[in-house]
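Colleague:
Numbering (the numbering used here), first residue to last: 853 to 906.
1. Would residue 911 pass as a contact of residue 864 if the rule is Cβ separation under 7 Å?
2. What residues in its chain sit with their C-beta under 8 Å from that of residue 891, if we drop five residues either side in the sequence?
3. Between the C-alpha atoms of residue 866 and residue 893, what's the straight-line distance to the nearest angstrom?
4. Between the Cα of residue 862 and those of 874, 878, 898, 881, spot the shortest distance and give me the residue it belongs to.
5. Rounded to the nearest angstrom, what separates residue 896 and residue 870 at their Cα positions?
So, in structure tokens, the structure goes:
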């Protein structure tokens, strides 16, 4: 019997499919989390993080 496995990568912030999604590790209050983001979502998250630390 043949079997076909399809992997679909989705961005965690938008839920949209993204072939460019990558897993990023973030830390909040000493707890590490992993989030899958595409390039646009990553840039948005970095902008928010920079604004929060200012």
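Just so it is clear, CB atoms sit at the ideal spot from N, CA and C, and this is done for glycine as well.
Modeller: Looking at the atomic coordinates:
1. Residue 911 is absent from the model: the chain starts at 853 and stops at 906.
2. Residues of the same chain with a CB within less than 8 Å of the CB of residue 891, apart from the 5 flanking positions on each side, are 872 in chain order.
3. Between residue 866 and residue 893, the C-alpha separation is close to 8 Å.
4. Taking residue 862 as reference, the option from 874, 878, 898, 881 with the minimal CA-CA separation is 874.
5. The alpha-carbon atoms of residue 896 and residue 870 are separated by roughly 15 Å.
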